[in-house]
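I have placed the structure first, in the form of structure tokens, so that the comments after it can refer back to it.
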Amino acid sequence: METYYKPEHLPQFPSIAEGNPKLAELFFAWYGEVFKPGALSAREKALIALAVAQVVQCPYCIDAYSKESLQQGADLEQMTEALHVAAAIRGGASLVHGVQMLEHVHKQVMA
Amino acid sequence: MGAAETEKLSGPRATTSLVSRGSPLASTREQVQTLARLPLRNFADAAGTLRPASIEIFQINVGKLCNMTCRHCHVDAGPDRTAEMMTRETVDLCLAALDRTAARTVDITGGAPELNPQFRYLVDACIGRGKHVMDRCNLTVLLTGPCRDLPEWFAARGVEIVCSLPHYRKRNTDVQRGAGTFEKSIEALRRLNSAGYGKGDPRLRLTLMHNPVGAFLAGDQKSMERDWKEGLVANHGVTFDALVALNNMPISRFLEWLQTSGNLERYMEILVNAYNPGTVQGLMCRNTLSVGWDGRIYDCDFNQMLELDARTPDGRAAHLRDFDPQKLGARSIVTGRHCFGCTAGAGSSCGGALA
Chain A
1 METYYKPEHL PQFPSIAEGN PKLAELFFAW YGEVFKPGAL SAREKALIAL
51 AVAQVVQCPY CIDAYSKESL QQGADLEQMT EALHVAAAIR GGASLVHGVQ
101 MLEHVHKQVM A
Chain B
112 MGAAETEKLS GPRATTSLVS RGSPLASTRE QVQTLARLPL RNFADAAGTL
162 RPASIEIFQI NVGKLCNMTC RHCHVDAGPD RTAEMMTRET VDLCLAALDR
212 TAARTVDITG GAPELNPQFR YLVDACIGRG KHVMDRCNLT VLLTGPCRDL
262 PEWFAARGVE IVCSLPHYRK RNTDVQRGAG TFEKSIEALR RLNSAGYGKG
312 DPRLRLTLMH NPVGAFLAGD QKSMERDWKE GLVANHGVTF DALVALNNMP
362 ISRFLEWLQT SGNLERYMEI LVNAYNPGTV QGLMCRNTLS VGWDGRIYDC
412 DFNQMLELDA RTPDGRAAHL RDFDPQKLGA RSIVTGRHCF GCTAGAGSSC
462 GGALA
């Protein structure tokens, strides 16, 4: 394997059924239902998926949901805002742990 | 309309016509051959031979003159396209042919059809025959001098307006259709709303038409309609009745963009891989006759732009001069690789998604 990530793996995703067809069938059926327009539009779901893809750093998902966001009518500004929401949560999630740090510091250091 | 007058046509310009640039793709033969050279399956192998159903829509393309030059235009329309303009004589041939069909809808397109001097005569003649008339409008033309009164004029006649608006936000609209298009389109929509359009009155129906702004398929039509409605009313106070989503056809200026951006083969693979047999029954070529500015007859507006004439069973290219609905009803529909654009995903026709 010359690289860990290969673009052709994305269309080969269904081959994951090889080791357990039943679980794969359940997963793909559920996955399909999740992305159908419902209380959220297809565009909103694609933007959420794009933001999550950035956070979990999945190049397959970034590829798929960049395309899907465009196809479902999102534009670059909306996609960029979705990314900033993801980045803000990720950054905020780091920073909010600073309160734990503060507790340790306040407990151990003379005020 | 003379060259000096067309120069005065105000409108956004995203590019110029292939014809004006002397591009090889200005040749329809070159377009067909470009698609034929790709290592893909043929449309006939997927869909077989297509036969027409009864004619429901009589589509008339009155010419290629337009105040805009959008990057994805399948007509290669523009302000320089003054030579291709339907005359009164050909309009009368259209009306005579229309009277020999059971078509209930007349779909008038271009270019910007409103710029043809015979446009109002044609609309009135069709309304007088009790037909449902659709005008395919680029919106910005409604702000040009000779067309400013059209919203009220259309409303008085109950003409359905089908407008191009690729996105409910500025960026993607302007990148496809030219800087300033979005603001002008919003102003035109406001005028149509003021004339009573887009408020749920079935007599004053306002439909928006979305084309993807790039090398991907049109998304979920219903879901996008909701986004478009929310976005336009919240940000601009504009309303409309329905959104139709159409795939871009790999012909003319969109074909040029696919080639120059390195997307041609990938886009064609997307279309071919997304072939949906469930769309074939409802394809517009089966219930529509498409007439060109010069009276030639085609299976659809896309075949028209590739100059792939409809042919009667005796092999003759069909023309209004010898219009014979029975012979046309017995024809085979002319297909090619571009037809994958209408059968991909949810399908695509002048009326939007098919499946």
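Read top to bottom, the protein sequences are chains A and B.
Heads up, the first sequence is in this note's numbering, so the first residue is 1 and it goes up one at a time.
Heads up, the second sequence is in this note's numbering, so the first residue is 112 and it goes up one at a time.
Even for Gly, the Cβ is constructed at its ideal location relative to N, Cα and C.
Considering only the beta carbon of each residue, do residue i and residue j sit closer than 9 Å?
| i | j | result |
| --- | --- | --- |
| B:Leu136 | B:Ser363 | yes |
| B:Asp433 | B:His185 | no |
| B:Ala101 | B:Leu254 | Examination of residue 101 of chain B is not possible in this model, given that chain B is present from 112 through 466 alone. |
| A:Ala24 | A:Pro14 | yes |
| B:Cys205 | B:Gly406 | yes |
| B:Pro404 | B:Thr193 | Rather than Pro, the amino acid found at residue 404 of chain B in this sequence is Trp. In this structure, B:Thr193 does not lie closer than 9 Å to B:Trp404 by Cβ. |
| B:Ile444 | B:Ala464 | no |
| B:Thr251 | B:Gly122 | yes |
| B:Trp339 | A:Gly92 | no |
| B:His449 | B:Leu146 | yes |
| B:Asp218 | B:Cys461 | yes |
| B:Leu226 | B:Leu120 | yes |
| B:Ala125 | B:Arg182 | yes |
| B:Asn322 | B:Asn346 | no |
If you draw a straight line from the C-alpha of residue i to the C-alpha of residue j, how long is it?
| i | j | result |
| --- | --- | --- |
| B:Ile297 | A:Leu26 | 46 Å |
| B:Glu376 | A:Lys67 | 16 Å |
| B:Pro166 | B:Thr318 | One point to set straight first is that residue 166 of chain B is Ile, not Pro, in the sequence displayed. The alpha-carbon atoms of B:Ile166 and B:Thr318 are separated by roughly 22 Å. |
| B:Gly291 | B:Leu276 | 13 Å |
| B:Glu263 | A:Leu40 | 37 Å |
| B:Asp246 | B:Asp425 | 34 Å |
| B:Val286 | B:Ser134 | 21 Å |
| B:Arg162 | A:Glu18 | 42 Å |
| A:Val34 | A:Leu76 | 24 Å |
| B:Ala428 | A:Val56 | 58 Å |
| B:Val234 | B:Gly447 | 32 Å |
| B:Thr216 | B:Ile272 | 13 Å |
| A:Arg43 | A:Cys58 | 20 Å |
| B:Asn172 | B:Ala356 | 20 Å |
| B:Arg132 | A:Tyr31 | 48 Å |
| B:Thr423 | B:Gly325 | 36 Å |
| A:Val105 | B:Glu336 | 54 Å |
| B:Met360 | B:Asp352 | 25 Å |
| A:Met79 | A:Ala87 | 12 Å |
| B:Gly256 | B:Arg316 | 24 Å |
According to DSSP, what are the bridge partners of residue i?
| i | result |
| --- | --- |
| B:Asn172 | B:Thr220 |
| B:Glu271 | B:Met245 |
| B:Leu319 | B:Cys274 and B:Leu354 |
| B:Ile408 | B:Val402 |
| B:Ser460 | B:Gly463 |
| B:Met196 | B:Gly174 |
| B:His430 | B:Arg407 |
| A:Ala29 | A:Ala29 pairs with nothing; no bridge assigned. |
| B:Ile180 | Per the sequence shown, residue 180 of chain B should be read as Thr rather than Ile. In the DSSP output, where bridge partners are listed per residue, B:Thr180 has B:Arg124. |
| B:Arg422 | B:Ala428 |
Enumerate in chain order the residues of its own chain whose CB-to-CB distance from residue i is below 7 Å, with the five nearest sequence positions on each side excluded.
| i | result |
| --- | --- |
| B:Ala466 | Asn387, Gly389, Thr390, Ala457 and Gly458 |
| A:Ala82 | Leu47, Leu50 and Ala51 |
| A:Ala64 | Leu10 |
| B:Val383 | Leu151, Arg152 and Phe451 |
| B:Lys281 | Phe293 |
| B:Glu141 | Pro135 |
Ignore the nearest five residues each way along the sequence and tell me which others in residue i's own chain have a CB closer than 6 Å to its CB.
| i | result |
| --- | --- |
| B:His278 | Thr284 |
| B:Asn249 | Met179, Ala223 and Ser275 |
| B:Leu343 | Tyr279 and Val349 |
| A:Ala53 | Cys61, Ile62 and Tyr65 |
Can you name, in chain order, every residue of its own chain whose Cβ lies under 8 Å from the Cβ of residue i, other than the five neighbours on each side?
| i | result |
| --- | --- |
| B:Thr212 | Ile166, Phe169, Leu400 and Pro436 |
| B:Arg259 | Leu253 |
| B:Gln144 | none |
Of the residues that make up the stretch 315-327 of chain B, which ones have a beta carbon closer than 9 Å to any beta carbon in chain D? Here the protein chains are A and B, and chain D is not one of them.
At what residue ranges does the stretch 381-406 of chain B contain a whole run of the beta strand (DSSP E), taking only runs of 3 or more? 399-402
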